[in-house]
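Q: So that you can map any letter, position 37 of the sequence shown is 48 in our numbering, and since no number is skipped, the others follow by simple counting.
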Amino acid sequence: MENAADVAGRILLVDDDKSILRTFRYCLEDSGYMVATAQNGEQARTQAYAAVFDACFLDLNLGDESGLDLLPQLREIAPWMRVVMATAQGDVATAVKAIHAGAADYLVKPCSPEQLRLSAAKQVEARQLELRLKQLEDEKSGPNLDLTTANPAMSAVVQMARHVAETDANILILGESGTGKGMLARAIHHWSARAKAGFVTVACPSLSAELLESELFGHQKGAFTGATESTPGRISQANGGTLFLDEIGDFPLSLQPKLLRFIQDKEYERVGDPVTRKADVRIVTATNRSLEEMVKDKTFREDLYYRLNVISLLVPPLRDRPEDVPVLAETFLAQFVKAYRRPARKFSREAMQQLRRHSWPGNVRELQNVVERASIVCDKAEVDPVHLGIVDAPREHHARIRAGDHVSLSELEQAHITALVSSIDSLDEVARLLGIDVSTLYRKRKQFGI
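1. Hey, could you find the ends of the beta strand (DSSP E) residue 280 is sitting in?
2. In the structure shown, what three-state DSSP assignment does residue 31 receive?
3. What span of residues does the alpha helix (DSSP H) with residue 88 cover, start to end?
4. Measure from the alpha carbon of residue 121 to the alpha carbon of each residue in 130, 250, 178 and 98, then state which is nearest.
5. Quick check: what's the CA-CA separation for residue 346 versus residue 158?
6. Using 10 angstroms around the beta-carbon of residue 451, count the other beta-carbons present and answer buried if the total reaches 16, otherwise exposed.
7. For residue 84, is the classification buried or exposed, using 16 other Cβ atoms within 10 angstroms of its Cβ as the cut-off for buried?
8. From the DSSP output, which residues share a beta bridge with residue 294?
9. Which same chain residues, not among the five before or five after residue 359, have their C-beta less than 6 angstroms away from its C-beta?
10. Looking only at its own chain, which residues have a Cβ that is under 6 angstroms from the Cβ of residue 162, when we skip the five neighbours before and after it?
11. What does the alpha-carbon distance come out to for the pair residue 138 and residue 75?
12. Taking the alpha-carbon of residue 173 as reference, which of 290, 144, 185 and 204 has the nearest alpha-carbon?
13. Between residue 277 and residue 289, which are expected to be in contact by the criterion C-beta below 8 angstroms, what is the C-beta distance as a whole number of angstroms?
14. Taking residue 281 as the reference, give the member of 382, 193 and 222 with the closest Cα.
15. Run the CB neighbour count on residue 130, radius 10 Å, all protein chains shown included, and call it buried at 16 or more, exposed below.
16. If residue 246 and residue 292 are in contact, beta carbons under 8 angstroms, what's the gap, nearest whole angstrom?
17. Quick check: what's the CA-CA separation for residue 419 versus residue 356?
18. Would the segment 241–256 count as touching the segment 190–204 if we require 3 or more Cβ pairs under 8 angstroms?
19. Below 8 angstroms, how does it come out for the segment 46–64 and the segment 108–116: are there three or more Cβ pairs, yes or no?
20. Exposed or buried, what is residue 308 when buried is set at 16 or more other beta-carbons lying within 10 Å of its beta-carbon?
21. Residues in its own chain within less than 6 angstroms of residue 299 by CB, not counting five upstream and five downstream?
22. Excluding the 5 residues preceding and the 5 following residue 210 in the sequence, name in chain order all residues of the same chain whose CB lies nearer than 7 angstroms to its CB.
23. Between which two residues does the alpha helix (DSSP H) carrying residue 485 extend?
24. Kindly give me the distance between the Cβ atoms of residue 337 and residue 363, rounded to whole angstroms, as I take these residues to be in contact under 8 angstroms.
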């Protein structure tokens, strides 16, 4: 299957004249478009059901059929597809009828190759703009933030993410809630060859199994109560790009076979529609849960887990990245005071000390919320502790210990093992990193009360 990331757009040509179909097809394919053809209404409907097209060039006269009659049918099957009515009759009345029936534009035949290419480019660009606007509306994340970090562990994660972004391997991002897993997923898409196509997010915990199936795979009109029109689904929207499944640990067990089949074969069906479709999509997932434990508990399919976990990236919690707190806080402050037109420009020494001391159980998301509040309530140039609205809780002793601190080797060992056990799902992996066997790790955990 051709890589959709390299396709300029997907176009359906409907004309009963084979020579025109051939000429139009060659012209558009030479310009990088993926083109399908149909010579009558039945073939056109079949094509529209079977694949997702950005635009359609529809002939007004299809032998015994009228393009004006076929137009509303195509609009019902694929309401997102932009239709250009092509005809040799260059009269205004026909053009008005076509526009009223839902056509996006009107093309008079014969036309030059340049006119055809310009018309196609205009419609595909308009369709891609519609998709981008929808993606921006759907994204509920906070302000954009680069992944600059002074923390060695986080730096290693970012470096690995950049490296694997160049491939099409499925990626599983692990980490606590609020650590920035979604931001890392967007960065991977941006660094990949698919950056020009869509980045589409599906929040798995937010929908029931039935609604999630429709959201992900799409549905046909009338498939269920309330399905007043056909929808392509998020997989279709992500064609050529990246599909990000956030909190994949909450993906319903009943739907996992259908997701597994799509990952393996790139094939799927919409709800209420038996037609099998294909899509070229890169899968990135994230979770704050232990999928290994869920596999053991039979609440997550083992075969799906291995398909998703080709590459895993563990995002460290903010409490283990104290050196990143100042730059994150200052970046958030600059963004929020600009958005809210507030006077704050920096943090006082005392405020920054409090930010550094806080344990950040909510991670980067909590820091972002604290800074947003401070930017709103602060009525002067410098943010003070009173504006932050946080109460410092005592941090556990092991969380404060770092290499170079004036502590015993035993204390340092305890802190290191505790941090690894709390951030890595597999004890086998912890033992491997420590260079000891699992039985020794068990004794160490018992010794330190971990």
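Backbone N, C-alpha and C define an ideal beta-carbon position, used for all residues, glycine too.
None of the values given here were measured: they were computed from a predicted structure.
A: Quick look at the numbers:
1. Along the sequence shown, one-based indexing puts residue 280 at 269. Here the beta strand (DSSP E) through residue 280 covers 278–280.
2. Working through the sequence shown from its first residue, we reach residue 31 at position 20. Three-state result, residue 31: helix.
3. Here residue 88 refers to the residue found at position 77 when the sequence shown is read from its first residue. Unbroken alpha helix (DSSP H) run through residue 88: 78–88.
4. In the sequence shown, counting from the first residue as 1, residue 121 sits at position 110. Among 130, 250, 178 and 98, the Cα nearest to that of residue 121 is on 98.
5. For this step, residue 346 is matched to residue 335 along the sequence shown. For this step, residue 158 is matched to residue 147 along the sequence shown. Distance from the CA atom of residue 346 to the CA atom of residue 158, rounded to whole angstroms, is 15 angstroms.
6. Translated into positions along the sequence shown, residue 451 becomes position 440. Looking at its Cβ environment, which holds fewer than 16 other Cβ atoms inside 10 Å, residue 451 is exposed.
7. By one-based count along the sequence shown, residue 84 stands at place 73. The residue in question, residue 84, is exposed, as its Cβ has fewer than 16 Cβ neighbours within 10 Å.
8. Along the sequence shown, one-based indexing puts residue 294 at 283. For residue 294, the pairing in a beta bridge is given by DSSP as 254.
9. Counting from 1 along the sequence shown, the entry for residue 359 is found at position 348. Correct list, in chain order: 393 and 395.
10. For the purposes of this step, residue 162 is taken as residue 151 along the sequence shown, with counting starting at 1. If we look at residue 162 and ignore the five residues flanking it on each side, its Cβ neighbours are 332, 334 and 335.
11. If you number the sequence shown from 1, residue 138 lands on position 127. If you number the sequence shown from 1, residue 75 lands on position 64. Rounded to the nearest angstrom, the two C-alpha atoms are 31 angstroms apart.
12. For the purposes of this step, residue 173 is taken as the residue at position 162 of the sequence shown. That would be 204, whose Cα lies nearest to the Cα of residue 173.
13. By one-based count along the sequence shown, residue 277 stands at place 266. By one-based count along the sequence shown, residue 289 stands at place 278. So it is a contact: roughly 5 angstroms between Cβ atoms.
14. Counting from 1 along the sequence shown, the entry for residue 281 is found at position 270. Cα-wise, what sits closest to residue 281 is 222.
15. Position 119 of the sequence shown, counting from 1, holds the residue named residue 130. Buried: at least 16 other Cβ atoms inside 10 Å.
16. The residue given as residue 246 occupies position 235 in the sequence shown. The residue given as residue 292 occupies position 281 in the sequence shown. At roughly 6 angstroms, the Cβ-Cβ gap stays under 8 angstroms, so residue 246 and residue 292 are in contact.
17. The residue given as residue 419 occupies position 408 in the sequence shown. The residue given as residue 356 occupies position 345 in the sequence shown. In a straight line, the C-alpha of residue 419 is about 42 angstroms away from that of residue 356.
18. yes
19. Segments in contact, no.
20. Taking the sequence shown and counting its residues from 1, one reaches residue 308 at position 297. So residue 308 ends up on the exposed side.
21. Position 288 of the sequence shown, counting from 1, holds the residue named residue 299. Exclusion of the five residues before and after residue 299 leaves 187 and 188 as the residues of its chain whose Cβ lies within less than 6 angstroms of its Cβ.
22. Mapped onto the sequence shown, residue 210 falls at position 199. When the five nearest sequence neighbours on each side are left out, the beta carbons in the same chain lying within less than 7 angstroms of the beta carbon of residue 210 are those of 146, 197, 200, 252, 253 and 255, in order along the chain.
23. This structure leaves residue 485 out entirely; the chain is present only between 12 and 461.
24. Translated into the one-based positions of the sequence shown, residue 337 becomes position 326. Translated into the one-based positions of the sequence shown, residue 363 becomes position 352. That belief holds up - the Cβ atoms of residue 337 and residue 363 are roughly 6 angstroms apart, short of 8 angstroms.
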